[in-house]
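K.L.:
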């Protein structure tokens, strides 16, 4: 797939309003733009710890709210590294706030008589950090149904907790990120900013060739999250998990660096330095490098082309940079 398709994005008829949390982040902003473009009659509420951007002057379509959904601190969420460093705050942000949202959605459904086919749609964006253990190393290919969930980090545990909460509520019918170097190795140098690769000591380090990284284009991610909102409930089989791994492709850090040089030239590559961070490396080594997404593709989720997907992702980012300068 070279271009995401949107024909399958058809909202359930009862969905008139969508709340997007974490809407100040890159994915949240792009999802807001896509939904505004695709669904002219939809009302959207966006919220984050800082006020999310306003994409339209029509307040009947978009309401922007600055709000802290966690009780512990004014923090814009905690990603994998932060959850390890601050155990209690990681749970407050990654667990407590989501439980509160699920309870609020459940209470709203009861108060308004929304049941059966008209119950609220709740899409929780989880993480591959829920996997871990001996079958999940950077060289491994994971078949989700055959792989026990043994998260190697607090962040993964927290995400898994909310997957189970979301499953149970549905059944009952109602950034310091360790992985940031994977995006930073492209994002920073293409803007003339130095970046550090924390999982290798230099260009001759074998880790650049052996560590698998499961990635996808942001356009595909946004399309697939939107599809999760629109997807008919009948796609799920009764009694089976409602957790979905968004399809991706496996690349190595070496391939990332090659793409950086191809699209940014040798000057961009010179901005990359290497220094092993044992804490980051320990977290990354709990993540598998590839996953079987056959089932999820059969449900309507799309995947990038293995040969061209990563290069297109870099091109997408260059286009975003160019558009921002206009």
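In the UniProt record's numbering, the protein residues as written are 1 to 326. All C-beta atoms, glycine included, are put in the ideal place defined by N, C-alpha and C.
Over the uninterrupted alpha helix (DSSP H) stretch that includes residue 229, give me the two end residues.
P.N.:
From DSSP, the alpha helix (DSSP H) with residue 229 extends over 218 to 230.
K.L.:
Alpha carbon to alpha carbon, how far is residue 35 from residue 17? Give it in angstroms, no decimals.
P.N.:
Each residue's Cα considered, the two are about 11 Å apart.
K.L.:
Return the first residue and the last residue of the alpha helix (DSSP H) that residue 6 is part of.
P.N.:
That residue, residue 6, is in no alpha helix (DSSP H); it is neither H nor E in DSSP.
K.L.:
Spell out a yes or no on whether the segment 312 to 323 and the segment 273 to 292 are touching, meaning 3 or more CB-CB pairs, one atom from each, closer than 8 Å.
P.N.:
Flag = no, the segment 312 to 323 and the segment 273 to 292 do not touch.
K.L.:
Which two residues bound the contiguous alpha helix (DSSP H) that contains residue 254?
P.N.:
First-last of the alpha helix (DSSP H) with residue 254: 253 to 269.
K.L.:
Does the pairing of the segment 259 to 266 with the segment 116 to 128 give three or more beta-carbon distances under 8 Å?
P.N.:
At 8 Å Cβ cutoff, the stretches do not touch.
K.L.:
Count the other CB atoms within 10 Å of the CB of residue 168; is the residue buried (16 or more) or exposed (fewer)?
P.N.:
Burial call: exposed.
K.L.:
Under a Cβ-count criterion, where at least 16 other Cβ atoms within 10 Å of its own Cβ denotes burial, should residue 21 be classed as buried or exposed?
P.N.:
Per the 10 Å Cβ criterion, buried.
K.L.:
Since residue 214 contacts residue 291 with CB under 8 Å, what's their CB separation in whole angstroms?
P.N.:
Sure, about 6 Å apart at Cβ, within 8 Å.
K.L.:
Please find out if some non-hydrogen atom of the ligand SAH comes closer than 7 Å to the beta-carbon of residue 124.
P.N.:
Inclusion of the ligand SAH in the displayed structure is not the case, the ligand content being empty and no account of it being possible.
K.L.:
Distance, Cα to Cα, residue 158 vs residue 95?
P.N.:
Their backbone Cα atoms lie some 6 Å apart in a straight line.
K.L.:
Specify the secondary structure class of residue 168 as computed by DSSP and reduced to three states.
P.N.:
In this structure, residue 168 counts as helix in the three-state DSSP scheme.
K.L.:
Please classify residue 71: does DSSP put it in a helix, a strand, or coil?
P.N.:
Confidence in residue 71 is poor, its pLDDT being 47 and thus under 50, which makes the residue's placement unreliable; the coordinate value appears in the next sentence. Three-state result, residue 71: coil.
K.L.:
Determine the burial state of residue 302: buried for a count of at least 16 other Cβ atoms within 10 Å of its Cβ, exposed for fewer.
P.N.:
Residue 302 is buried by the Cβ-count criterion.
K.L.:
Need the endpoints of the alpha helix (DSSP H) that residue 101 sits in, please.
P.N.:
Where residue 101 is concerned, the enclosing alpha helix (DSSP H) stretches over 97 to 112.
K.L.:
Tell me the rounded alpha-carbon separation between residue 7 and residue 229.
P.N.:
In a straight line, the C-alpha of residue 7 is about 14 Å away from that of residue 229.
K.L.:
Please report the straight-line C-alpha distance between residue 41 and residue 165, rounded to a whole angstrom.
P.N.:
One C-alpha to the other measures close to 31 Å.
K.L.:
Looking only at its own chain, which residues have a Cβ that is under 6 Å from the Cβ of residue 196, when we skip the five neighbours before and after it?
P.N.:
So the qualifying residues of the chain are 273, 275.
K.L.:
Residue 273 lies in the beta strand (DSSP E); which residues open and close that run?
P.N.:
Start and end: 272 to 274.
K.L.:
By how many angstroms is the C-alpha of residue 100 removed from the C-alpha of residue 335?
P.N.:
In this structure the chain extends from 1 to 326, so residue 335 is not present and cannot be described.
K.L.:
Quick check: the Cα distance between residue 200 and residue 286, rounded to an integer number of angstroms?
P.N.:
Residue 200 and residue 286: Cα-Cα distance of roughly 16 Å.
K.L.:
Taking residue 214 as part of the beta strand (DSSP E), name the residues at either end of that continuous run.
P.N.:
Start and end: 213 to 215.
K.L.:
So, for residue 322: in the same chain, excluding its five sequence neighbours on each side, which residues have a beta-carbon less than 7 Å away from its beta-carbon?
P.N.:
Excluding positions up to five away in sequence, the list is empty.
K.L.:
Under 7 Å Cβ to Cβ from residue 233, same chain only, skipping five residues before and after it: list those, please.
P.N.:
Taken in chain order, the list of residues that qualify is empty.
K.L.:
Taking the beta strand (DSSP E) that residue 20 belongs to, which residues open and close that run?
P.N.:
It spans 17 to 21 - the beta strand (DSSP E) in which residue 20 sits, taken as one unbroken run.
K.L.:
I need the straight-line Cα distance from residue 305 to residue 31, nearest angstrom please.
P.N.:
Using only the alpha carbons, I get a separation of about 22 Å.
K.L.:
Do residue 310 and residue 251 have their C-beta atoms closer together than 8 Å?
P.N.:
Contact flag set, yes.
K.L.:
What separation, rounded to the nearest whole angstrom, lies between the Cα atoms of residue 149 and residue 161?
P.N.:
So the two alpha carbons sit approximately 11 Å from each other.
K.L.:
Return the Cβ separation of residue 224 and residue 246 in integer angstroms, given the expectation that the two are a contact with Cβ distance under 8 Å.
P.N.:
Residue 224 to residue 246, Cβ: 5 Å. Contact.
K.L.:
Can you tell me whether residue 297 is buried or exposed, with buried defined as 16 or more other CB within 10 angstroms of its CB?
P.N.:
Exposed, by the Cβ-count rule.
K.L.:
From 189, 24, 289, 23, pick the residue whose C-alpha is nearest to that of residue 270; which is it?
P.N.:
With distances taken between Cα atoms, residue 270 lies closest to 189.
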